[in-house]
Amino acid sequence: MLQRLSAVIRRPIFWHGTHHHHDSNDATKRLFDTVSSTVKGIQQINYVVEHNPKLTTEEKSKMKQFLIYRYDPADENDFPKYVSYYVDLKKIPPMYLDALLYIKDNYDSSLSLRRSCREGICGSCSMNCNGLHKLACIHAIDTDLTQPAYITPLGHMFVVKDLVVDMTNFYTQYKTIDPYLKRKTPKEGNKEYIQSVEDRKLLDGLYECVLCACCSTSCPSYWWHPDRYLGPAVLMQAYRWIVDSRDEYTDERLEKLAEDVKVEDCQNIGMCSFTCPKGLDPQRSMNHLMKLIEEYKERKISSATL
Numbered sequence: 001m002l003q004r005l006s007a008v009i010r011r012p013i014f015w016h017g018t019h020h021h022h023d024s025n026d027a028t029k030r031l032f033d034t035v036s037s038t039v040k041g042i043q044q045i046n047y048v049v050e051h052n053p054k055l056t057t058e059e060k061s062k063m064k065q066f067l068i069y070r071y072d073p074a075d076e077n078d079f080p081k082y083v084s085y086y087v088d089l090k091k092i093p094p095m096y097l098d099a100l101l102y103i104k105d106n107y108d109s110s111l112s113l114r115r116s117c118r119e120g121i122c123g124s125c126s127m128n129c130n131g132l133h134k135l136a137c138i139h140a141i142d143t144d145l146t147q148p149a150y151i152t153p154l155g156h157m158f159v160v161k162d163l164v165v166d167m168t169n170f171y172t173q174y175k176t177i178d179p180y181l182k183r184k185t186p187k188e189g190n191k192e193y194i195q196s197v198e199d200r201k202l203l204d205g206l207y208e209c210v211l212c213a214c215c216s217t218s219c220p221s222y223w224w225h226p227d228r229y230l231g232p233a234v235l236m237q238a239y240r241w242i243v244d245s246r247d248e249y250t251d252e253r254l255e256k257l258a259e260d261v262k263v264e265d266c267q268n269i270g271m272c273s274f275t276c277p278k279g280l281d282p283q284r285s286m287n288h289l290m291k292l293i294e295e296y297k298e299r300k301i302s303s304a305t306l
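Going by the UniProt record's numbering, the residue at position 161 of the sequence shown is 161; the numbering climbs one at a time, nothing skipped.
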């Protein structure tokens with residue numbers, strides 16, 4: 001059975017109480033206080049296994065320590081823990097993924113992680129690096145040898161093994177928004193659907209999303225009920241198709257998103273934009289999306305009263 005991240009790593013970052021909308025400034029402060037507490041919690045590790053206990057203090061002082069979350073839920077005798085590895089930074093390129101691959105190739109082939117492009121394009125290697133969700137392939141290692149580097153899976157996700165999490169729910173939610181052009185007007189021959197420069201510009205900052213889930217798994221609203229709230233990554237992509245001038249199902253898309261808490265549980269905390277490894281701004285996109293939904297609801301009420 002898949003297991004959630006253990007308290008060995010940190011306590012789940014849930015806020016108690018009912019899920020009403022809060023003042024965004026207050027919510028933002030509480031969020032960053034929580035992140036700060038999380039990082040402090042990570043630094044107070046409950047259980048660490050030394051991969052190479054024979055290393056001397058002098059040898060360790062010349063290398064970077066990587067504390068990596070290890071756990072195989074399929075092994076009933078295993079338990080969540082950090083495994084400590086020491087790496088000579090002179091032997092590897094500068095990114096977290098480089099260190100992980102060096103460890104896997106040279107120290108411990110049993111380490112499990114996802115990776116593919118190594119260029120920040122595929123979104124496979126998303127994980128928690130020193131308290132923030134990032135893409136390991138484009139996130140640089142802190143070269144201070146006196147401070148360890150902490151690497152854990154994406155938070156509040158089911159762990160499959162080590163740094164690999166189950167992305168099934170995330171991808172299922174993405175599928176529900178119909179992430180493709182939908183047309184009512186039949187296409188004429190092989191002509192392209194032409195856009196103006198202005199219309200095409202609306203897609204900038206949206207299409208670049210690589211669906212790494214860093215933003216969604218950093219979002220407190222998504223932690224509370226990922227079964228209903230679609231989260232910032234999926235909602236930003238929903239917005240991407242809604243504002244695409246070539247799509248002809250705008251109202252139908254807005255109607256679908258207006259149901260339940262697919263959108264409205266966004267508290268405008270902004271952690272999604274803060275953590276995005278691609279420098280995108282999901283918070284801004286969701287604000288625009290919520291305005292479009294409100295305008296659609298008002299139009300719907302007005303038409304019903306005529």
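All C-beta atoms in this analysis are idealised placements derived from N, C-alpha and C, irrespective of residue type, glycine included.
Values in this document were obtained by computation on a predicted structure and should not be read as measured data.
May I ask you to list the residues that DSSP assigns as paired with residue i?
i, result
"Q165", "Note that residue 165 is Val in the sequence shown here, rather than Gln. V165 is bridged to V159."
"L132", "C129"
"T152", "N128"
"A140", "M95"
"Y86", "Q65"
"E119", "Bridge partners of E119: none, in fact."
"V49", "V83"
Report the three-state DSSP secondary structure of residue i (helix, strand or coil).
i, result
"C272", "helix"
"residue 369", "Examination of residue 369 is not possible in this model, given that the chain is present from 1 through 306 alone."
"F170", "helix"
"H225", "coil"
"Q65", "strand"
"I177", "coil"
"E198", "helix"
"H22", "At H22, the pLDDT of 43 sits below 50, so the modelled position is not reliable and the matter cannot be decided from this model."
"I42", "Low confidence applies here, because I42 scores a pLDDT of 49, under 50, leaving its location unreliable; read the following figure in that light. Three-state DSSP puts I42 in a helix."
"K70", "Here the sequence assigns Arg to residue 70, which means Lys is not the residue at that position. Three-state result, R70: strand."
"K291", "helix"
"T305", "helix"
"K104", "helix"
"L235", "helix"
"E298", "helix"
"T250", "helix"
If distances are taken between C-alpha atoms only, which option among the options comes closest to residue i?
i, options, result
"V164", "G189, G123, Q283, K201", "G123"
"N169", "M127, W223, Q195", "W223"
"I293", "K256, K64, I269", "K256"
"I151", "Y47, D108, T176, F66", "F66"
"Q173", "C117, G231, R284", "G231"
"K182", "N52, L101, T250", "T250"
"T176", "K262, E76, P220, D108", "K262"
"C137", "C117, E248, G131", "C117"
"L91", "D105, K81, F79", "Before going further, note that residue 91 is Lys rather than Leu in the sequence given. If we check each option's Cα against that of K91, D105 comes out closest."
"C219", "R114, Q267, I242, Y102", "Q267"
"V243", "D199, S216, F274", "D199"
"S216", "V49, E208, S273, Y180", "S273"
"R114", "S303, E252, C212", "C212"
Roughly how far, in whole angstroms, is the beta-carbon of residue i from the beta-carbon of residue j, given that I think they are within contact range, below 8 Å?
i, j, result
"Y85", "K60", "Contact doesn't hold; Cβ gap of about 11 Å is too wide."
"residue 308", "L97", "Since the first residue of the chain shown is 1 and the last is 306, residue 308 is not available in this structure."
"P277", "H139", "7 Å"
"G155", "L135", "Their Cβ separation, rounded to whole angstroms, is 15 Å, which puts G155 and L135 out of contact at 8 Å."
"M127", "P94", "With a Cβ gap of about 17 Å, M127 and P94 do not count as contacting."
"E208", "L280", "6 Å"
"S221", "D265", "5 Å"
"V159", "P73", "6 Å"
Does at least one heavy atom of the ligand COA sit under 6 Å from the Cβ of residue i?
i, result
"T217", "What this structure holds is no ligand at all, so the ligand COA is not there to describe."
For residue i, decide whether its Cβ has a neighbour in chain B, counting only Cβ atoms nearer than 7 Å.
i, result
"T56", "Among the chains of the structure shown, chain B does not appear; only one protein chain is present."
task: Answer yes if the stretch 196 to 205 comes into contact with the stretch 174 to 188, meaning at least three C-beta pairs across the two stretches below 8 Å, and no otherwise.
output: no
field: Cβ pair count under 8 Å reaching 3, the stretch 140 to 155 against the stretch 283 to 294
entry: no
Contact between the stretch 192 to 200 and the stretch 229 to 239 (3+ Cβ pairs under 8 Å): no
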